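Residue numbers (this note's numbering): 1 to 313. C-beta atoms are modelled at their ideal positions from N, C-alpha and C, and glycine is treated no differently. Predicted model, so just to flag it, every value in this text is computed and none were measured. So the structure is just underneath, and the comments pick up after that.
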């Protein structure tokens with residue numbers, strides 16, 4: 001609970017997607033299934049990488065971190081969304097709102113930075129394969145992952161602090177499905193120039209810079225692939241990057257749409273759907289993209305299933 005200019009504010013009301021009870025029931029089933037698939041898919045990836053020694057490689061180390069981020073990201077918003085589908089008044093306390101905002105920003109930022117680290121890993125694998133093992137040792141992988149997590153957490157702490165300190169003068173209805181930065185800033189009854197600057201700086205640090213690094217890595221990767229003379233060699237080289245490139249395109253595309261226009265004053269239903277796709281659908285699709293396009297992951301899954309069958313017999 002905090003002191004606003006005119007009143008005590010202890011909770012917010014989230015407008016959500018729809019007030020129609022039948023639509024909300026359908027959305028509850030839909031997003032409940034999405035959440036379960038997300039937990040199962042990403043949990044399975046973590047399990048397979050932990051169990052199969054053949055997957056103890058830099059690419060899968062980062063993929064394991066990405067799976068943890070995806071579980072945390074979807075868990076920061078979807079469970080509350082499911083509860084709100086069953087309630088007529090969709091309230092969230094000030095403390096829970098700040099906590100949700102912090103974790104969603106931290107995990108989102110960490111994901112973008114991890115994708116940049118994975119792009120660097122693919123760059124080394126394709127463009128400098130002779131030095132790959134030495135360059136992408138355990139220490140460097142841990143360092144890249146640690147930087148991703150620390151920068152994501154630090155960035156989130158700053159953005160959450162400057163957002164939640166804003167007085168709203170009694171305005172407590174948030175036109176969104178969750179506690180989202182821009183939606184909360186729009187409730188403010190004071191000048192928000194500082195917040196806009198922080199949002200832009202945050203977008204540069206955890207979105208624009210990683211996006212540029214990914215683009216640079218793939219520019220070198222494409223140039224290296226085009227220099228390969230054989231069609232089979234090109235196909236194999238591109239195959240090592242296809243899954244990551246698909247996830248990058250999806251994640252950065254959604255984020256660029258929602259986070260690079262802090263001066264906008266309108267929140268549309270489309271904005272809400274894009275946010276839901278990023279928080280709910282993208283974490284569910286990531287395991288499918290990596291497992292369906294990756295021979296090593298499919299081989300590890302087959303081996304685990306075979307061992308399970310033998311154990312039952």
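Residue i vs residue j beta-carbon contact at 7 Å
i	j	result
residue 177	residue 295	no
residue 73	residue 179	no
residue 119	residue 214	yes
residue 287	residue 42	yes
residue 112	residue 78	no
residue 184	residue 163	yes
residue 248	residue 115	yes
residue 12	residue 92	yes
residue 105	residue 156	yes
residue 48	residue 300	yes
residue 210	residue 190	no
residue 25	residue 45	no
residue 187	residue 171	yes
residue 127	residue 220	yes
residue 241	residue 122	yes
Three-state secondary structure (DSSP) of residue i
i	result
residue 19	coil
residue 217	helix
residue 10	coil
residue 168	coil
residue 189	coil
residue 54	helix
residue 228	coil
residue 128	coil
residue 264	Confidence at residue 264 is low in this model, with a pLDDT of 47, below 50, so its placement is unreliable and the value that follows should be read with caution. Correct three-state label for residue 264: coil.
residue 87	coil
residue 65	helix
residue 294	coil
residue 300	helix
With 16 other Cβ atoms within 10 Å as the buried cut-off, status of residue i
i	result
residue 6	Legend: pLDDT at residue 6 = 43, less than 50; position of this residue unreliable, value from coordinates given subsequently. Exposed, by the Cβ-count rule.
residue 117	buried
residue 173	exposed
residue 59	buried
residue 160	buried
residue 263	With a pLDDT of 47 at residue 263, under the threshold of 50, the predicted position of this residue should be treated as unreliable, and no value is reported.
residue 212	exposed
residue 243	buried
residue 101	buried
residue 201	exposed
residue 20	exposed
residue 223	exposed
residue 129	exposed
residue 231	exposed
residue 217	buried
residue 282	buried
Residue closest to residue i, alpha-carbon to alpha-carbon, out of the options
i	options	result
residue 149	247, 129, 108 and 28	108
residue 125	279, 236, 11 and 277	236
residue 203	217, 87 and 254	254
residue 298	17, 283, 35 and 52	52
residue 61	167, 127, 227 and 146	146
residue 38	170, 70, 95 and 54	70
residue 23	35, 84, 46 and 55	84
residue 99	89, 121, 138 and 76	76
residue 82	276, 123, 284 and 303	276
residue 251	219, 238, 284 and 220	284
residue 152	86, 94, 192 and 103	103
residue 14	89, 63 and 34	89
residue 110	95, 94 and 154	154
Span of the alpha helix (DSSP H) around residue i
i	result
residue 178	Premise fails: residue 178 is in no alpha helix (DSSP H) and is neither H nor E.
residue 76	Counting along the chain, residue 76 falls outside any alpha helix (DSSP H), and DSSP gives it neither H nor E.
residue 132	132 to 135
Limits of the unbroken beta strand (DSSP E) element including residue i
i	result
residue 92	91 to 93
Chain D within 7 Å of residue i, Cβ atoms only
i	result
residue 22	The structure shown has no chain D; it contains just one protein chain.
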